[in-house]
Amino acid sequence: MDVINKLYSSVSNSVSQLSNVLPGNPLAREYEIDKQVCSAGIGLLWRVFKGTKKSTKQEAAIFEFQKKQLDRFSKDDKEQLLEILRRGVVQLTKIRHPHVLTVQHPLEESRDSIAFATEPVFASLANILGNHHNMPHPNSLNSYKLHDVDTKYGLIQICEGIQFLHSDVKLLHRNICPESIIVNQQGAWKIFGFDYCILNQNPHDAKPSWPFNEYNSSWHALSQPSLEYMAPECALISNHSAESDIYSLGVLIYSIYSNGGKPIKMFGKDYQSFRRHATELKQGKYPNLSSIPDGLQNEVKMMLNATPELRINLHEFTKIPFFDDIGVKTLHYLDQLFQWDNLQKSKFYKGLPQVIQKLPHRINVFRILPCLVKEFVNPPMIPFVLPNIFLISENSNSQEFVKHILCHLKPVMKITEPIQVLHLFMTKMDLLLKLTPAEDVKTDVLPMLYRALESDAQQIQELCLSILPTFASLVDYPSMKNALLPRIKKLCVTTQLVSVRVNCLLCIGKLLEHLDKWLVMDEIIPFLPQIPSREPAVLMAILGIYKLALTHSKLGLTKESLATKVIPFLVPLSIENGLSLVQFNAMMVLVKDMINRVESEHRTKLEQLSSIQKESNALKFQAQNQLVPNAKSPSKNESDDVFSNLGLEQFLNDLEEGANESTASGMSMTSSASGMSLQEKQRLTQQQEQNQRLQSQQAITPKQAPLKIANKAKDLTSSLLDNNLNQLKLTHSTSANNNSWFNTTGNSWNASTTQNNNFGSFQSPSASPASNPKESKKNDDWGAFDDLLPNAKKEKLPLNQMKSSASQPTGFVQSSKSNNSFGGMSNRKNNNELSADDIMEFLK
Numbered sequence: 001m002d003v004i005n006k007l008y009s010s011v012s013n014s015v016s017q018l019s020n021v022l023p024g025n026p027l028a029r030e031y032e033i034d035k036q037v038c039s040a041g042i043g044l045l046w047r048v049f050k051g052t053k054k055s056t057k058q059e060a061a062i063f064e065f066q067k068k069q070l071d072r073f074s075k076d077d078k079e080q081l082l083e084i085l086r087r088g089v090v091q092l093t094k095i096r097h098p099h100v101l102t103v104q105h106p107l108e109e110s111r112d113s114i115a116f117a118t119e120p121v122f123a124s125l126a127n128i129l130g131n132h133h134n135m136p137h138p139n140s141l142n143s144y145k146l147h148d149v150d151t152k153y154g155l156i157q158i159c160e161g162i163q164f165l166h167s168d169v170k171l172l173h174r175n176i177c178p179e180s181i182i183v184n185q186q187g188a189w190k191i192f193g194f195d196y197c198i199l200n201q202n203p204h205d206a207k208p209s210w211p212f213n214e215y216n217s218s219w220h221a222l223s224q225p226s227l228e229y230m231a232p233e234c235a236l237i238s239n240h241s242a243e244s245d246i247y248s249l250g251v252l253i254y255s256i257y258s259n260g261g262k263p264i265k266m267f268g269k270d271y272q273s274f275r276r277h278a279t280e281l282k283q284g285k286y287p288n289l290s291s292i293p294d295g296l297q298n299e300v301k302m303m304l305n306a307t308p309e310l311r312i313n314l315h316e317f318t319k320i321p322f323f324d325d326i327g328v329k330t331l332h333y334l335d336q337l338f339q340w341d342n343l344q345k346s347k348f349y350k351g352l353p354q355v356i357q358k359l360p361h362r363i364n365v366f367r368i369l370p371c372l373v374k375e376f377v378n379p380p381m382i383p384f385v386l387p388n389i390f391l392i393s394e395n396s397n398s399q400e401f402v403k404h405i406l407c408h409l410k411p412v413m414k415i416t417e418p419i420q421v422l423h424l425f426m427t428k429m430d431l432l433l434k435l436t437p438a439e440d441v442k443t444d445v446l447p448m449l450y451r452a453l454e455s456d457a458q459q460i461q462e463l464c465l466s467i468l469p470t471f472a473s474l475v476d477y478p479s480m481k482n483a484l485l486p487r488i489k490k491l492c493v494t495t496q497l498v499s500v501r502v503n504c505l506l507c508i509g510k511l512l513e514h515l516d517k518w519l520v521m522d523e524i525i526p527f528l529p530q531i532p533s534r535e536p537a538v539l540m541a542i543l544g545i546y547k548l549a550l551t552h553s554k555l556g557l558t559k560e561s562l563a564t565k566v567i568p569f570l571v572p573l574s575i576e577n578g579l580s581l582v583q584f585n586a587m588m589v590l591v592k593d594m595i596n597r598v599e600s601e602h603r604t605k606l607e608q609l610s611s612i613q614k615e616s617n618a619l620k621f622q623a624q625n626q627l628v629p630n631a632k633s634p635s636k637n638e639s640d641d642v643f644s645n646l647g648l649e650q651f652l653n654d655l656e657e658g659a660n661e662s663t664a665s666g667m668s669m670t671s672s673a674s675g676m677s678l679q680e681k682q683r684l685t686q687q688q689e690q691n692q693r694l695q696s697q698q699a700i701t702p703k704q705a706p707l708k709i710a711n712k713a714k715d716l717t718s719s720l721l722d723n724n725l726n727q728l729k730l731t732h733s734t735s736a737n738n739n740s741w742f743n744t745t746g747n748s749w750n751a752s753t754t755q756n757n758n759f760g761s762f763q764s765p766s767a768s769p770a771s772n773p774k775e776s777k778k779n780d781d782w783g784a785f786d787d788l789l790p791n792a793k794k795e796k797l798p799l800n801q802m803k804s805s806a807s808q809p810t811g812f813v814q815s816s817k818s819n820n821s822f823g824g825m826s827n828r829k830n831n832n833e834l835s836a837d838d839i840m841e842f843l844k
């Protein structure tokens, strides 16, 4: 166990030792480092990156110095410069002031770099003036331009920061130059670059004294303060004081207004040139200050005076008329607001909109807005702050609004007191809806409107009701059904104010086009009869909702709801005493339209049903006719017979004729179908499909089974008839031979005719003689036996399908009458051999 503990201790010590020599940025473990934004410090050696703290997601600026930049330096210069950089960051970390750059994470060092973190940074003043050394192409600086307000208030901030260093910290900066001025993300100017600073050596109550170090030309130029911004007394009398920083400030002002951000002269490491320049200043030879504004030239000239005591005081400098600007005063007041009471703040905020309109938009967003949002923690001041924030929002695009403004407004949307907050949001709702994304509208703006509907203030309720329809398209269906409409309905029913109730109904009417038919039928139509009051304005608002629901192409009221709910509700309302003639006429016109709609739709439905019923009956009868001949369809309905008994036959006939005419004319079903309900359309469609299937099918006919003729079965009837016929032939031939006198009578009969007449009683009904009535009665018609005889054209039929005697043709009777009685007697004589009674008796 001891071995493990020793091993663990050794590893821990090794890790702690190696952490100082590991490559890379030492802040990377605590910050997410993004792209580089600028460069700053002496020689612009510090590269500044945009960063975010991993634990708190707080924005930051990561300052990093790569040690490889000193590879061209000698070892002594390298170590000396690294020590200067470390000392400057350490001193910066100790100072806390609004006009001094704020350090968020102290300096850390690795084998390759040293780094620390500060508040978010936009750029150094040197970068803004055009010096882009040690940084990529500055996209963010392409369109950036210093305004007069930026420069004026920035100089005031630098002056106040230097005053703080001199009077409170007792520190001499010695490096006031564009590389040491940082412009933060809000646009405020901050002092940076304490690399050459010197602390006071005297006691705190004594006059401050700062030791002087002579400029050494043998050292590297970056190891000493820049000669371009160094005070002339350093060369003339080898001394410096607080006024030395004022001279540096004068050269800084000259650089800001000069072309290209250049100082008065460039010296580099040429200390002799600097001395000559100091001598010229001592002689009163000042540089050309024409680039500096007129209101500032004299003061800059005083700052550049070779005599320190004659230089202008920083406090006096900030009070000159040049800085007497409305924008500068506004920014200064905003920085001092935390010292004021609510009354002073309210007066200032009331006049602020006039100033905002005159200031550049960038300053409004990055300088004024951050100060305003700080007041959101003070609810009494919110009604005074919101108008200014909305004014800034009007000039912002959606991206700026979401990034800089909306995130601060979301907590304020939840505030219900003071009531003016909701009122201000209601008046600027169009602006919010234009700039706020749809998701934020659902999550933040809609709940605020719900709270406005539930408030007790009439003005807020009416404003909210007038605003809701403007963004109804952004409200999803569940929110509309379960959150918005119930609150509007509740307010409409419970309020005692007629104006609020009318605005509720108007709001519902405007929301109809965003609702579907079933939501209107389920939520809106049943709700209207629940409204307790009957004032004319309320009735007209109700009438408007009904009219929109009736005429809107997307909605439409069904005839069932019209007949059972709407018309019975509207008719009593039409006789309310408070209605004027115009209002009464409007209501009656709508009621008549509804009645006409019900009448036309229901008549169309009945006509369609009647037509379909007739088609169905016709198909049924047609199918029956295929099976049962001469079947007739009923011409009248039983209910028609009942009504005819009541004296309504003529009315029914008229309706029947009208239905027939409408059916014959092929009336279009498209117009009527629009008034039918979905269930009726589905039922009619099913009936039509069934009728089409019936019509497409073939008629049902009985199938006759083919007669099966057994070859081996013996037909007794056929055999009997054949035997009889053979006997008749034999008898006839014998009688013909014996009776030769029959051939000499001159009769026209030949042998074939005689032969046919002999068995005609079995082949044709005309073979039986008709001259004797008694024989006609006695003998039956045997023509049915023809079907029993073999025939080539048709098959034999059974006895129960034989023809009756009623079908006997008359032509054969006349033919038998034309024969002489003798021939008939001869036939009867021959037939007596096998009478019909014998055959019938046999067949029985």
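The C-terminal residue of the sequence shown carries number 844 in full-length UniProt numbering, and the numbering is unbroken. Ideal placement from N, C-alpha and C gives every residue a C-beta, glycine not left out.
Contact set for residue 453: own chain, Cβ-Cβ below 8 Å, skip 5 residues either direction: As a first step, residue 453 must be located in the sequence shown, where it is residue number 453. Excluding five sequence positions before and after residue 453, the CB atoms of its chain that fall closer than 8 Å to its own CB belong to 461, 464, 465, 487, 488, 491, given in chain order.
Exposure of residue 575, with buried meaning 16 or more beta-carbon neighbours within 10 Å: Here residue 575 refers to the residue found at position 575 of the sequence shown. Here residue 575 is exposed. Its C-beta has fewer than 16 other C-beta atoms within 10 Å.
Test: residue 368 CB closer than 8 Å to a CB of chain B: Given the protein chain composition of this structure (a single chain), no chain B is represented.
Continuous beta strand (DSSP E) stretch holding residue 184: start and end: Here residue 184 refers to the residue found at position 184 when the sequence shown is read from its first residue. Taken as a continuous stretch (DSSP letters only), the beta strand (DSSP E) holding residue 184 covers 181-184.
Per-residue DSSP class, three states only, for residue 475: Against the sequence shown, residue 475 aligns to sequence position 475. The answer is coil: DSSP assigns residue 475 none of H, G, I, E or B.
Other residues of its chain near residue 186: CB distance less than 7 Å, five sequence neighbours each side excluded: In the sequence shown, residue 186 corresponds to position 186, counting from 1. Same-chain partners within the cutoff: 366, 367, 370.
CA-to-CA distance, residue 39 to residue 48, given in whole angstroms: As a working mapping, residue 48 is identified with position 48 in the sequence shown. As a working mapping, residue 39 is identified with position 39 in the sequence shown. The C-alpha of residue 39 is placed about 5 Å away from the C-alpha of residue 48.
Residue closest to residue 32, alpha-carbon to alpha-carbon, out of 26, 43, 52, 45: In the sequence shown, residue 32 corresponds to position 32, counting from 1. Per the C-alpha coordinates, the member of 26, 43, 52, 45 positioned closest to residue 32 is 52.
Per-residue DSSP class, three states only, for residue 740: The sequence position of residue 740 within the sequence shown is 740, counting from 1. Model confidence at residue 740 stands at a pLDDT of 41, short of 50, so the residue's coordinates are unreliable; what they give is reported in the following sentence. For residue 740, the secondary structure class from DSSP, reduced to helix, strand or coil, is coil.
Assigned secondary structure, residue 31 (DSSP; H/G/I helix, E/B strand, else coil): Within the sequence shown, numbered from 1, the residue matching residue 31 stands at position 31. In the structure shown, the three-state DSSP call for residue 31 is strand.
Same chain, Cβ closer than 6 Å to residue 364, five either side skipped, listed in chain order: Walking along the sequence shown from the start, residue 364 turns up at place 364. For residue 364, same chain residues with a beta-carbon under 6 Å away, outside a window of 5 residues either side, are 356, 392 in chain order.
Cα-Cα separation, residue 431 to residue 159: The residue given as residue 431 occupies position 431 in the sequence shown. The residue given as residue 159 occupies position 159 in the sequence shown. Distance between the alpha carbons of residue 431 and residue 159: 40 Å.
Under the three-state DSSP convention, the category residue 407 falls into: Residue mapping note: residue 407 aligns to position 407 of the sequence shown, counting from 1. Residue state, collapsed to three classes: helix.
8 Å Cβ cutoff met for residue 61 and residue 126: Position 61 of the sequence shown, counted from the start, is the residue given in the question as residue 61. Position 126 of the sequence shown, counted from the start, is the residue given in the question as residue 126. No; because the gap between Cβ atoms is not below 8 Å, this pair is not in contact.
Nonlocal neighbours in the same chain, by C-beta distance under 6 Å from residue 397, ignoring five residues either side: Taking the first residue of the sequence shown as 1, we reach residue 397 at position 397. No residues qualify anywhere along the chain.
At least three beta-carbon pairs within less than 8 Å, the region 306-316 to the region 155-172: Taking a contact to require three or more Cβ pairs closer than 8 Å, the region 306-316 and the region 155-172 qualify as touching.
DSSP-derived helix/strand/coil call for residue 191: As a first step, residue 191 must be located in the sequence shown, where it is residue number 191. Note: residue 191 maps to strand in three-state DSSP.
Expected contact under 8 Å - CB spacing of residue 531 and residue 493 to nearest Å: By 1-based counting over the sequence shown, the position of residue 531 is 531. By 1-based counting over the sequence shown, the position of residue 493 is 493. Confirmed, about 7 Å.
Whole-angstrom distance between residue 410 and residue 423, CA atom to CA atom: Within the sequence shown, the letter at position 423 stands for residue 423. Within the sequence shown, the letter at position 410 stands for residue 410. Rounded to the nearest angstrom, the two C-alpha atoms are 16 Å apart.
Close beta carbons around residue 558, own chain, < 7 Å, minus the five adjacent residues each side: In the sequence shown, residue 558 corresponds to position 558, counting from 1. Cβ within range, chain order: 677.
Residues near residue 485 by beta carbon distance below 7 Å, same chain, minus five either side: Here residue 485 refers to the residue found at position 485 of the sequence shown. Excluding residues within five positions, the ones whose Cβ falls inside 7 Å are 523.
Range covered by the beta strand (DSSP E) that runs through residue 51: The residue given as residue 51 occupies position 51 in the sequence shown. That run of the beta strand (DSSP E) goes 46-53.
8 Å CB neighbourhood of residue 107 in its chain, flanking five on each side removed: As a working note, residue 107 is residue 107 in the sequence shown. Contacts found: 86, 89, 90, 93, 114, 115, 116.
Which residues DSSP lists as bridging residue 113, in chain order: Your numbering for residue 113 matches position 113 in the sequence shown. Per the DSSP secondary-structure output, residue 113 pairs in a beta bridge with 66.
Test item: CB-CB of residue 474 and residue 441 under 8 Å: To locate residue 474, count along the sequence shown from 1; it is residue 474. To locate residue 441, count along the sequence shown from 1; it is residue 441. Yes.
Pairwise C-alpha distance: residue 372 and residue 408: For the purposes of this step, residue 408 is taken as residue 408 along the sequence shown, with counting starting at 1. For the purposes of this step, residue 372 is taken as residue 372 along the sequence shown, with counting starting at 1. Those two C-alpha atoms are separated by around 10 Å.
Residue 518 burial status per 10 Å Cβ neighbour count (16 or more: buried): Numbered from its first residue, the sequence shown carries residue 518 at position 518. Counting Cβ neighbours within 10 Å, residue 518 comes out exposed, since fewer than 16 surround it.
C-alpha distance - residue 257 paired with residue 211, whole-angstrom precision: As a working note, residue 257 is residue 257 in the sequence shown. As a working note, residue 211 is residue 211 in the sequence shown. Cα to Cα, residue 257 sits roughly 33 Å from residue 211.
Three or more C-beta pairs below 8 Å linking the region 199-219 and the region 170-178: Touching, yes, given that three or more Cβ pairs across the two stretches are closer than 8 Å.
Residue 38 (DSSP reduced to helix, strand or coil): Counting from one through the sequence shown, the residue named residue 38 turns up at place 38. DSSP, reduced to helix, strand and coil, places residue 38 within a strand of the structure shown.
Through-space distance from residue 482 to residue 592, alpha-carbon basis: Taking the sequence shown and counting its residues from 1, the one referred to as residue 592 is at position 592. Taking the sequence shown and counting its residues from 1, the one referred to as residue 482 is at position 482. CA-to-CA, the gap between residue 592 and residue 482 works out to about 34 Å.
Beta-carbon proximity of residue 191 to residue 99, cut-off 8 Å: Mapped onto the sequence shown, residue 191 falls at position 191. Mapped onto the sequence shown, residue 99 falls at position 99. Against a cut-off of 8 Å, the Cβ pair of residue 99 and residue 191 comes out as a contact.
C-alpha gap between residue 537 and residue 543, whole angstroms: Position 537 of the sequence shown, counted from the first residue, corresponds to residue 537. Position 543 of the sequence shown, counted from the first residue, corresponds to residue 543. Answer to the nearest angstrom: the Cα atoms are 10 Å apart.
Distance between beta carbons of residue 350 and residue 384, contact taken as under 8 Å: On the sequence shown, residue 384 is found 384 positions in, with the first residue counted as 1. On the sequence shown, residue 350 is found 350 positions in, with the first residue counted as 1. In this structure residue 384 is in contact with residue 350, their Cβ atoms being roughly 7 Å apart against a cut-off of 8 Å.
In chain order, each beta strand (DSSP E) run of at least 3 residues that lies wholly inside the region 209-241: Note on the region 209-241: there is no whole beta strand (DSSP E) run with a minimum of 3 residues.
Burial state of residue 229 (16 or more Cβ within 10 Å): Here residue 229 refers to the residue found at position 229 when the sequence shown is read from its first residue. Per the 10 Å Cβ criterion, buried.
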